[in-house]
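Protein chains in written order, with the numbering used here: chain A, 84 to 477; chain B, 1201 to 1494.
The structure appears below as structure tokens.
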Amino acid sequence: MNQQQFSRRAFLMMTAAAGAVAATGGIPGVSAAEGDALKLWANPGVHKVGARDWSAMASQAGIEIAATAKSARADESIQKMVVGDGNKLFDAVTDNGGGMEDALASQGVIAPLDTSRIPNWKNILPVYNEGGPADHTIRFEGQVFATPMIANADSMSYDFKALGFHPDSWAVLFDPEFKGRVAMQNDFGPTMTNTAIYLKESGIASIKDPSNMEPDEVRTVAEFLIEQKKKGQFRTFWDGFQNGVDLLASGEVLMSSTWEAISLVAAGRAGDKADIRYGTMKEGHQIWNNIVMLTKGGMERGQDQAYYNLANVYLSPWFGARTLGGLGFAPQMTGVESYVKDHPEDFDDAMQERILRILNSKNARYAVKGNAWQNVFPKNLRAYTDWWARVQAA
Amino acid sequence: MASHPLLRHLAGEDGIRRWAFYVPVAFMVLFFAVPVALTLVWSVFERTIFWMEPGFTLDAYVNFFTSARAENYLFSMIHSAVAVVVAFTIGFPVAVFVRRRVPTAAQHRVILLFIIPFMISELVRVFALRPVLGRNGLLNSLLMKIGITSEPITVILFSNLAVVIGDVVSFLPFMVFAGFLAMEAIERYVFEVCDDLGSNTLRTFKDVIVPLAAPGIFAGSVFIFVNSIGVALVPTILGGPGAVNAGLMVNQAIVALDFPLAMAISAIMMLTLLVLLFIGHRLFDLTKILQPIN
């Protein structure tokens, strides 16, 4: 079945089949004991759609999936895959693009991909083409090692009800009028990159590449944040999904640099007390993506075809529409708009409107000139962490 | 029965039964001594981009002391020390009260009540302080309702004060338990003598109870101090922008794949604890904690 031909009826049939198997003692896609199942190390919260477990993803791919929950911590992946037994345990692993594929490929623990075996590769967004702004997030030394699954341009959440206007610049975050009512992420990567984008694009500082700064550029950004912190501009730096949601939903801060998913959940939790929205900043945003990679062990065990089947699902509008409508992650393929319109049985009018609205705002955010793609391991990483320690100590 | 002389010596005449005593030793070696030794060794390894390789360099220690990390560590120690003082001020009188005023048969049951908070996840306990201390939280709502303040007090959340409050709430039972155990070791006639000699409550507390219970108070203080500098949760959830403690610094070094630095900070934490224990032992003779209660 073509991914784009997938229908609600087929989905119901497959879930019914899954239910029948579950009732007789096994649920496809979730049992770690499955001998031939693709052993996938992934974040269950954001890397699957369609069902509470992996059954819908498995059905779409025509494979069995034995998934193990994974966090987004880079050190966890490195330890497990490079020095641990990750290659024995997993056939496919997910992580952040723009660094982790380089780390794992350079250590020889993941396999290069033959993209001709992924039919939906033709749908992939043009930014991933060779020479495109995101080509480095899936390639190592010119070879493709990863399939992108989800992405986003991280921006700012704000309470429109309290502010009375729609911020379109990071400058608002540093405006003394909102002293003590703003927050940023407690992570040097996105916080320093987004601040660098603001300083660069607004002409305050000369920064060549906000994703890969030189030590003196890192210093400039850190000193700016230290100055803001000393003035009492920030209420706090948030860390973790629920923490970020609570800050906005409780009215503790009026605006915060956040993930879009946090904004959506905070909006739901705040109810009538606040009108939490997600903006587009004219200076630009850090864009990140999540990728799925085929391990060397998976390749050796002959699980490459299962991997390619799953990668094909990740690049299908079936997945893209659902991840967009669910947690608001950007799909990594073209054709989502027409797919949604062609499947009214799966997407009612309200859901269609929601998906198309988020997609339009996302496209507008992606089009901002100053955007910078995430770099998990910038060349002067030590300078980032050292200066971040100074921001913390200030 | 072991045939080799060394095995015979180790096993002794009791044979296999005596081996049972070596199990805890083996456990401590495997799960305490070896990890500590590895921490020290890895802290002087050479850092590579994604991992580390054998070598000898003090780079991680130099980085710690020449970056703002030493400053952060010092702040973390100060906050932890304040948390210890507050916990002592609140927790030890509770222990004294239970020991002196609650009927003997009920004392242990009352003390056990302090275990109840430990049955709740620490994350939940700490996060639950947010709706209490927040701008629109219970405390501010109450203060504004009764007219004590007209605007929310913001310094009680996302601040150093909030971190101290979080540490005290999280670790107070350590002071109560240790204080109570220390109080149990003090004979009841001591209090009767104080009463007979006309010593008032404050003087009895200051000049008799605290000196006699000092080893227990110190033990409780060490537990609180170590947790306060090591548990990353509290500054993450309640601290101000970029609030850190030593545990969070280790965490952040690991996330940045700077493993030797993470090991060096851990080694410095261990050294800090050893120094504390040495001082405590010199001042209070900590072996008294282990003496049986008559």
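Backbone N, C-alpha and C fix where the C-beta goes; we use that ideal spot for every residue, glycine too.
As the structure is a prediction and not an experimental result, all values here were calculated from the model.
Give a yes or no on contact between the region 455-469 of chain A and the region 294-301 of chain A, applying the rule of three or more CB pairs nearer than 8 Å. yes
Arg1325 (chain B) versus chain A: which residues are under 8 Å apart at the beta carbon? Going along chain A, no residue has its Cβ under 8 Å from Arg1325 (chain B), so there is no contact; the nearest lies around 14 Å.
Measure the alpha-carbon distance for Ala1226 (chain B) versus Val1410 (chain B) and round it to whole angstroms. 37 Å
Do the CB positions of Arg473 (chain A) and Ala1268 (chain B) come within less than 8 Å of each other? yes
May I ask which residues mark the beginning and end of the alpha helix (DSSP H) holding Pro298 (chain A)? Pro298 to Lys313
Can you check which of these residues, A:Ala404, A:Ala389 and A:Gly286, is closest to Gly133 (chain A) by C-alpha distance? A:Ala404
Assuming Ile374 (chain A) and Met164 (chain A) make a contact with CB atoms under 8 Å, what is their CB distance in whole Å? Not really, about 13 Å apart at Cβ, beyond 8 Å.
Just mark Thr363 (chain A) as buried or exposed, buried being the case when its beta carbon has 16 or more other beta carbons within 10 Å. buried
Residues bridged to Met1252 (chain B) by DSSP? B:Arg1247
From the beta carbon of Trp335 (chain A), is the nearest beta carbon of chain B less than 8 Å away? One point to set straight first is that residue 335 (chain A) is Glu, not Trp, in the sequence displayed. Answer yes: the Cβ-Cβ gap between Glu335 (chain A) and chain B drops below 8 Å somewhere.
Taking the beta carbon of Tyr1222 (chain B) as the centre, do at least 16 other beta carbons fall within 10 Å, making it buried, or is it exposed? exposed
List the residues that DSSP assigns as beta-bridge partners of Phe223 (chain A). A:Gln226
Per the DSSP calculation, Phe317 (chain A) is bridged to which residue(s)? A:Val265
Per DSSP, Ser333 (chain A) forms a beta bridge with which residues? Ser333 (chain A) pairs with nothing; no bridge assigned.
Interfacial residues, the region 143-166 of chain A to chain B, with Cβ spacing under 7 Å: Arg156, Ala157, Asp158, Ile161, Val165 and Val166
Give the single residue among B:Tyr1273, B:Met1383 and B:Phe1459 whose Cα lies nearest to the Cα of Phe1297 (chain B). B:Met1383
Nonlocal neighbours in the same chain, by C-beta distance under 8 Å from Arg437 (chain A), ignoring five residues either side: Gly408
Where the beta strand (DSSP E) through Ile359 (chain A) begins and ends: Ile359 to Tyr361
At least one CB of chain A closer than 8 Å to the CB of Val1302 (chain B): is that the case? no
Ordered along the chain, which non-local residues of its own chain (more than five positions away) have a Cβ less than 8 Å from that of Gly214 (chain A)? none
When you check each C-beta in the region 1436-1447 of chain B against every C-beta of chain A, which residues fall closer than 8 Å? Thr1436, Ile1437, Gly1439, Gly1440, Pro1441, Gly1442, Ala1443 and Val1444
Counting Cβ pairs, one atom from each stretch, are 3 or more of them under 8 Å apart for the region 333-350 of chain A and the region 299-316 of chain A? no
Please list the residues of the region 236-270 of chain A that have a C-beta atom closer than 8 Å to any C-beta atom in chain B, keeping them in chain order. Gly263, Ala266, Met267 and Asn269
Just to confirm, is the Cβ distance from Ala266 (chain A) to Ser199 (chain A) under 8 Å? no
Just the chain B side, please: which residues come within less than 7 Å of Ala472 (chain A) by C-beta, in chain order? Ser1267, Ala1268, Arg1269 and Asn1272
At a Cβ threshold of 8 Å, is Thr326 (chain A) touching chain B? Looking at the sequence provided, one finds Asn at residue 326 (chain A) rather than Thr. With 8 Å as the cut-off, Asn326 (chain A) counts as an interface residue toward chain B.
Alpha carbon of Val1262 (chain B) to alpha carbon of Val1422 (chain B), nearest angstrom: 27 Å
For a cutoff of 8 Å on Cβ pairs, would you count Leu331 (chain A) as touching chain B? no
Residue closest to Met1375 (chain B), alpha-carbon to alpha-carbon, out of B:Val1426, B:Ile1437 and B:Glu1253: B:Val1426
Could you tell me how far apart the beta carbons of Val176 (chain A) and Gly169 (chain A) are, in whole angstroms, since I believe they sit closer than 8 Å? 7 Å
Just verifying my parser: in three-state terms, what is the DSSP assignment at Lys1345 (chain B)? helix
Assigned secondary structure, Asn458 (chain A) (DSSP; H/G/I helix, E/B strand, else coil): coil
What three-state label does DSSP hand Ala1456 (chain B) in the structure shown? coil
Close-in-space but distant-in-sequence residues of the same chain around Ala477 (chain A) (CB under 7 Å, 5 per side omitted): Ile309, Lys312 and Lys313
Return the chain-ordered ranges of every alpha helix (DSSP H) run that is complete within the region 395-459 of chain A and spans a minimum of 4 residues. 400-409, 419-425 and 432-449
Pair within 8 Å by beta-carbon distance, Ile1315 (chain B) and Phe1371 (chain B): no
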